[in-house]
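These notes concern the structure reproduced below.
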Amino acid sequence: MKLTLRIWRQHHRTAKGEMVDYHLDDVSEHMSFLEMLDVLNEKLLAEGKDAIAFDHDCREGICGACSLVINGKPHGGFPNTTTCQVHMRHFNDGDVVTVEPWRANAFPVLKDLVVDRTAFDRVMHSGGFVSVNTGGTPDANAIPIAKNEADIAMDAAACIGCGACVAACKNASAMLFVSAKIGQFRHLPQGKVEQLDRAKRLVAQMDAEGFGACTNTYDCEGACPKSISATFIAEMNRDFLKGNLCEP
Amino acid sequence: MRWLTNLATSSIGAKVLMALTGVVLVAFVVGHMIGNLQVFAGREVLNHYAELLQSNRGVLWAIRLFLLGSFATHVFMSSRLTLQNQAARPVPYVNQVPIKSTFTSRNMWVTGFVVLAFLTFHLLHFTVRVTHPEYQQLVEHVGPETRPDVYTMVVMGFREPVVAITYVVAMLLLGLHLSHAISSAFQTMGLNTSKYRPITEKVGPVTAVIVVIGNVTMPLAILAGKVPLPPGAF
Ligand code: HEM
Ligand code: FES
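Order-wise, the sequence lines are chains A and B.
Note that our numbering has the first sequence beginning at 42, numbered continuously upward.
Note that our numbering has the second sequence beginning at 364, numbered continuously upward.
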């Protein structure tokens with residue numbers, strides 16, 4: 042199939058970017074979206090032009106590195122699908138496909154489609170872990186955990202930290218990400234100890250990074266390739282309030 | 364007290380303040396509607412109700428100040444958050460397609476602002492009565508006493524088509540605001556769970572429909588001439 046790709050090009054962090062049109066003539070429907078971009082880049086390099094920078098790593102939907110807004114939706118908006126899992130059979134001959142980076146103040150563009158997502162790392166450093174002093178390895182099944190609680194924790198832990206929630210939100214809010222990271226611990230006994238304190242710390246760092254606030258539009262939930270539920274945000278709000286109001 | 368400023372300046376704390384003040388306003392909107400629907404019960408009933416509300420100046424002003432404070436907090440926090448949220452995405456998308464958001468959920472500040480403009484007009488119209496100073500003179504005689512004739516004021520007010528239509532349009536926009544707002548408040552205050560979400564999601568739209576229907580029937584019925592003016596009133 043023939044495609045027109047309208048892609049955001051930006052030389053560096055502070056440069057002014059713009060959408061540039063590229064034409065590809067024989068795109069196979071069996072290619073993945075990223076393979077299609079690889080083909081385009083080979084063509085650009087052969088022409089002596091600058092290749093398009095985009096993030097990717099595992100290419101199997103588990104690492105969270107790929108991050109493109111395709112036709113106005115993060116990861117293209119296909120259910121439970123990361124950009125690397127999008128295949129060209131979803132597109133038609135003659136389509137114009139727009140490709141943009143995640144857009145958020147807290148995710149500055151480094152080059153073209155690559156953004157700096159270390160804000161997420163700093164949120165995690167602020168308390169997204171369970172503090173355990175060293176000691177003997179605990180017995181695996183020493184602490185019984187109810188199945189439904191373990192399931193909820195696993196649902197939250199499915200978050201791969203790609204940032205599609207931030208990209209989709211009209212406020213560039215990171216609440217779905219942060220609430221998933223709080224959620225994966227708050228349902229497990231090991232994580233409960235620091236539950237309220239963790240919520241306070243992560244939210245403070247999230248605000249400091251310049252993400253927007255939640256207006257409950259739920260575009261984040263719709264964009265999440267791992268179907269993280271926005272009810273984790275309600276749990277985070279509850280912990281944050283409790284932590285501020287009920288703790289000394 | 365640092366926790367208090369931390370709370371109020373945090374993104375979640377600001378939203379919770381909006382939700383709490385919003386719930387106060389919702390309670391007022393619903394109560395105000397139920398009270399006013401007594402216009403259909405006639406002049407006697409509505410004027411008696413109005414007299415009752417006015418009877419204790421202390422309580423009246425305490426409630427007014429509480430509502431005003433809530434409203435001011437709501438508007439202040441919403442303005443601040445809206446500006447912060449816009450700053451969180453300085454470079455807009457060339458192409459952005461909504462996924463789960465709706466026109467309503469994306470435009471709360473717009474509908475809220477229309478409500479603010481309408482409320483200003485509404486207070487000037489029926490409470491301070493500067494738009495129609497002649498309303499001040501309307502009284503009902505009860506034995507040797509007189510009391511303000513709210514009933515006649517409302518019926519005369521809504522017999523003006525421009526006024527009636529303005530109220531109807533404003534109520535539709537208030538309805539949009541409430542349909543997202545009330546469901547949203549559960550989520551913001553941390554009261555949403557996956558078990559109750561199917562219900563909390565509907566509470567907003569259902570309440571909004573009730574408020575809109577209740578409030579628009581008054582101007583529409585009066586405009587259609589279904590609510591009589593008392594004999595001798597102008
Ligand atoms: C009768 C008047 C009003 C009522 C009953 C009302 C009610 C509410 C409620 C219950 C919320 C939900 C809070 C939450 O998201 O958790 C809300 C949100 C909001 N309100 Fe109001 N409100 C009123 C007037 C206004 C006015 C005058 C403005 C602005 C000028 C405004 C702007 C907003 C905004 C921006 C939100 C946030 C929406 C969001 O988070 O998506 N509201 N309102
Ligand atoms: S490249 Fe790893 S999830 Fe897409």
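Even for Gly, the Cβ is constructed at its ideal location relative to N, Cα and C.
Legend entry - Neighbourhood of B/Gly475 by C-beta distance below 7 Å, restricted to the same chain and skipping five residues each side: Answer for B/Gly475: Ser441, His540, listed in chain order.
Legend entry - Proximal chain A residues relative to B/Pro453, where beta-carbon distance stays under 8 Å: Residues of chain A passing the Cβ test: Asn146.
Legend entry - Distance CB(B/Val379)-CB(A/Leu282) smaller than 8 Å: Yes, the Cβ-Cβ distance between B/Val379 and A/Leu282 is below 8 Å.
Legend entry - Residues within the stretch 183 to 201 of chain A neighbouring chain B, beta-carbon criterion of under 8 Å: Listed in chain order, the positions of the stretch 183 to 201 of chain A with a beta carbon within less than 8 Å of a beta carbon of chain B would be empty, since no residue qualifies.
Inset, instruction - Check the DSSP bridge columns for A/Trp49 and list the partner residues they point to. - result: Beta-bridge pairing links A/Trp49 to A/Met60.
Inset, instruction - Could you tell me which chain A residues have their CB closer than 7 Å to the CB of B/Ile312, listed as they occur along the chain? - result: Beyond the ends of chain B as shown, which are 364 and 597, falls residue 312 of chain B; an answer cannot be given.
Inset, instruction - Verify the contact flag: A/Asp260, CB atom, against every heavy atom of the ligand FES, threshold strictly below 7 Å. - result: Short note on A/Asp260: C-beta not closer than 7 Å to any heavy atom of the ligand FES.
Inset, instruction - Identify every run of the alpha helix (DSSP H) within the stretch 510 to 544 of chain B, keeping only runs that are complete inside it and at least 4 residues long; order them along the chain. - result: Listed in chain order, they are 513 to 521.
Legend entry - Spatial distance of B/Met471 from B/Val531 (CA atoms): So the two alpha carbons sit approximately 19 Å from each other.
Legend entry - C-alpha distance - B/His488 paired with B/Phe391, whole-angstrom precision: B/Phe391 has its alpha-carbon roughly 19 Å from the corresponding atom of B/His488.
Inset, instruction - Leaving out five residues on either side along the sequence, give the residues of the same chain with a beta carbon under 6 Å from the beta carbon of A/Ala92. - result: For A/Ala92, where only same-chain residues beyond five positions count, the Cβ hits under 6 Å are Asn82, Leu85, Leu86.
Inset, instruction - Starting from B/Glu407, follow the alpha helix (DSSP H) in both directions and report where the run begins and ends. - result: Here the alpha helix (DSSP H) through B/Glu407 covers 406 to 418.
Inset, instruction - Give a yes or no on whether 8 Å exceeds the smallest Cβ distance from A/Asp248 to chain B. - result: Answer yes: the Cβ-Cβ gap between A/Asp248 and chain B drops below 8 Å somewhere.
Inset, instruction - Verify the CB distance criterion: does B/Val460 have a CB-CB separation below 8 Å to chain A? - result: Yes, B/Val460 counts as interfacial toward chain A.
Legend entry - Cβ pair A/Pro115, A/Ala264 closer than 8 Å: Going by beta carbons, A/Pro115 and A/Ala264 fall inside the 8 Å limit.
Inset, instruction - Determine the chain A residues that contact B/Ala450 at a beta-carbon separation under 7 Å, and present them in chain order. - result: In chain order, Asn146 make up the part of chain A whose C-beta sits under 7 Å from the C-beta of B/Ala450.
Legend entry - chain A residues whose Cβ lies nearer than 7 Å to that of B/Asn555: What B/Asn555 touches in chain A: Thr272, Ala275.
Legend entry - Min CB distance A/Ala94 to chain C below 8 Å: Given the protein chain composition of this structure (A and B), no chain C is represented.
Inset, instruction - Go ahead and label B/Trp424 buried or exposed: buried means 16 or more other beta carbons lie within 10 angstroms of its beta carbon, across all protein chains shown. - result: With fewer than 16 other Cβ atoms inside 10 Å of its own Cβ, B/Trp424 counts as exposed.
Inset, instruction - For A/Gly99, verify whether its CB is less than 7 Å away from any heavy atom of the ligand FES. - result: A small correction: the amino acid at residue 99 of chain A is Cys; Gly does not occupy that position in the sequence shown. Yes.
Inset, instruction - Select from A/Pro179, A/Asp134, A/Thr123 the residue whose C-alpha is nearest the C-alpha of A/Cys203. - result: Each of A/Pro179, A/Asp134, A/Thr123 was checked against the Cα of A/Cys203, and the nearest Cα belongs to A/Thr123.
Legend entry - Check: B/Thr556 C-beta below 7 Å from any heavy atom of the ligand FES: For B/Thr556, the CB stays at least 7 Å from every heavy atom of the ligand FES.
Legend entry - Option nearest A/Leu154 by Cα separation, candidates A/Ile274, A/Trp49, A/Val207, A/Phe148: A check of alpha carbon separations from A/Leu154 across A/Ile274, A/Trp49, A/Val207, A/Phe148 identifies A/Trp49 as the nearest.
Inset, instruction - For A/Pro230, name the three-state secondary structure that DSSP assigns. - result: Here A/Pro230 sits in helix by DSSP.
Inset, instruction - Taking a Cβ distance cut-off of 9 Å, strictly less, list which residues of the stretch 364 to 395 of chain B are near chain A, in chain order. - result: Correct list: Trp366, Leu367, Asn369, Leu370, Thr372, Ser373, Ser374, Ile375, Gly376, Ala377, Lys378, Val379.
Legend entry - Residues bridged to A/Pro120 (per DSSP): According to DSSP, A/Pro120 bridges with nothing at all.
Inset, instruction - Return yes when at least one heavy atom of the ligand HEM lies under 7 Å from the C-beta of A/Lys318, else no. - result: Past the edges of chain A, shown from 42 to 289, lies residue 318 of chain A, and the structure says nothing about it.
Inset, instruction - Measure the alpha-carbon distance for A/Gln225 versus A/Val234 and round it to whole angstroms. - result: For A/Gln225 and A/Val234, the gap between their C-alpha atoms comes out near 13 Å.
Inset, instruction - Determine which residues of the stretch 94 to 123 of chain A have a Cβ less than 8 Å from any Cβ of chain B, and write them out in chain order. - result: Of all residues in the stretch 94 to 123 of chain A, Val110, Asn112, Gly113, Lys114, Gly118 have a Cβ within less than 8 Å of some Cβ in chain B.
Inset, instruction - May I ask you to verify whether the stretch 409 to 423 of chain B touches the stretch 506 to 522 of chain B, counting CB pairs closer than 8 Å and requiring at least 3? - result: Flag = yes, the stretch 409 to 423 of chain B and the stretch 506 to 522 of chain B touch.
Inset, instruction - In the DSSP assignment, find the beta strand (DSSP E) that holds A/Val140 and state where it starts and stops. - result: A/Val140 -> beta strand (DSSP E) spans 137 to 141.
Legend entry - Chain-ordered neighbours of A/Glu141 on chain B, where CB pairs are closer than 9 Å: Chain B residues near A/Glu141: Tyr456, Val457, Asn458, Gln459.
Inset, instruction - Report yes if the C-beta distance between A/Asn164 and A/Met247 is below 8 Å; otherwise report no. - result: For clarity, residue 164 of chain A is Val in the given sequence; the question names Asn instead. Against a cut-off of 8 Å, the Cβ pair of A/Met247 and A/Val164 comes out as a contact.
Legend entry - Nearest neighbour of A/His71, chosen from A/Cys200, A/Phe132, A/Ile184, A/Glu141 [CA to CA]: Ranked by Cα distance from A/His71, the options A/Cys200, A/Phe132, A/Ile184, A/Glu141 are led by A/Phe132.
Inset, instruction - Please find out if some non-hydrogen atom of the ligand HEM comes closer than 7 Å to the beta-carbon of A/Met277. - result: False, no ligand heavy atom lies under 7 Å from that Cβ.
Inset, instruction - Mind listing the chain A neighbours of B/Leu537? Cutoff is C-beta to C-beta under 9 Å, in chain order. - result: Neighbours of B/Leu537 in chain A, taken as residues at a C-beta separation under 9 Å, are lacking, since the least C-beta distance is about 18 Å.
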